[in-house]
Structures are given as C-alpha cells and as structure tokens.
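Shown next, in structure tokens, is the structure this report addresses.
Pasting the structure below:
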C-alpha cells in the first residue's frame with residue numbers, strides 16, 4: 001500500500017496543506033483507516049508516498065513525481081498540514097511514466113471526466129509501490145558527475 005498525493009502546482013519539497021475534503025479513504029480498506037471523523041493519519045504515515053503534480057497537458061513532458069515519506073501530519077482547521085521528505089535514492093519519475101504505471105499501481109484512469117492526476121487529492125492505493133517501480137519502471141541510467149568513464153570500446 002502507498003499514499004498517492006496529487007497537488008495543483010506541484011509540491012514545495014518539505015511542507016504543504018491538503019484540504020481535509022480531498023483526503024479519500026475507500027471504505028473497502030476498512031475502519032482502521034479512519035480515526036473518528038478524520039482519516040487515520042498515524043497509520044497513513046507508515047506508508048510510502050508518491051508526491052505528484054496535477055497533470056498539465058502543456059507541461060507533462062517536464063512534470064515529475066517524487067517518492068518519499070510523510071514525516072508529520074496535523075489537522076489545522078479544514079486542512080491537514082503534511083510534512084514530508086523525498087527519498088534521495090529514487091530518482092524523479094516523469095509524470096507520463098507514472099501515468100503509464102497507473103494500472104500496476106492500482107490507479108484507475110477513467111475514459112471520461114477527470115482522472116486521478118487531474119485534481120488535487122490524497123488517496124491510499126492498495127499496491128506494492130516499490131515492487132512496481134523495481135519490476136516495471138525503466139529508471140534512467142545515472143551517470144557520474146565527479147568523473148567521466150571512458151566509452152565502451154568496440155572490438156573490430
């Protein structure tokens with residue numbers, strides 16, 4: 001399981017506010033995911049998270065999502081203040097590639113209307129995030145930045 005957080009304008013990198021009305025808990029997940037009238041943020045903090053901007057058709061080639069963890073949450077009025085950090089070992093995921101992984105991640109993309117990457121919200125998804133990223137995502141090959149490796153020599 002993992003948290004999917006989608007935010008208009010993207011994420012600041014440390015702390016953001018999510019309207020409580022935009023935190024969606026599927027009833028099929030069970031009562032343990034609710035704490036009275038609010039979601040069970042203590043339980044949700046134990047899950048990895050994907051932080052995605054809302055999809056912009058004009059900018060999708062430049063939009064990226066990040067994987068990380070939620071470090072703190074607190075309800076403040078009608079919002080929940082979310083503090084988080086990105087995992088430095090997982091490179092940014094191009095949004096177009098995250099959308100392509102949606103079926104494997106348990107994210108339903110409707111044929112009509114707004115999809116999950118087109119409106120701000122926070123939802124719990126019932127999929128193994130790391131397994132999907134490891135087995136189905138083609139991560140970019142990282143190149144060293146401090147030194148240069150010689151190009152592979154071709155034999156005649």
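Numbering (the numbering used here), first residue to last: 1 to 156.
Note that beta-carbon positions come from the ideal geometry of N, C-alpha and C, so glycine has one too.
Just so you know, these numbers come straight off a predicted model, no measurement behind them.
Mind checking who residue i pairs with in its DSSP beta bridge?
i           : result
residue 68  : 49, 86
residue 16  : 82
residue 122 : 5, 23
residue 76  : 79
residue 35  : 38
residue 93  : 65
Which residue wins for smallest C-alpha separation from residue i, given the options the options?
i           : options            : result
residue 68  : 74, 77, 82         : 82
residue 61  : 45, 85, 99         : 99
residue 25  : 4, 11, 14          : 4
residue 130 : 6, 37, 41, 101     : 101
residue 122 : 128, 107, 133, 111 : 107
residue 21  : 45, 28, 133, 37    : 37
residue 27  : 41, 124, 56        : 124
residue 91  : 115, 128, 63       : 63
Mind checking whether residue i and residue j have CB atoms under 8 Å apart?
i           : j           : result
residue 31  : residue 52  : no
residue 43  : residue 2   : no
residue 17  : residue 79  : yes
residue 54  : residue 117 : yes
residue 109 : residue 137 : no
residue 96  : residue 8   : no
Residue i: buried (16+ other C-beta within 10 angstroms of its C-beta) or exposed?
i           : result
residue 75  : exposed
residue 70  : buried
residue 50  : buried
residue 146 : exposed
residue 39  : buried
residue 105 : buried
residue 134 : exposed
Considering only heavy atoms of the ligand GTP, does any lie closer than 7 Å to the CB of residue i?
i          : result
residue 50 : The ligand GTP is not among the ligands present in this structure, which contains no ligands whatsoever.
Contact criterion: CB-CB distance below 8 Å. Does residue i meet it with respect to chain B?
i           : result
residue 110 : Within the model displayed, chain B is absent; a lone protein chain is all it includes.
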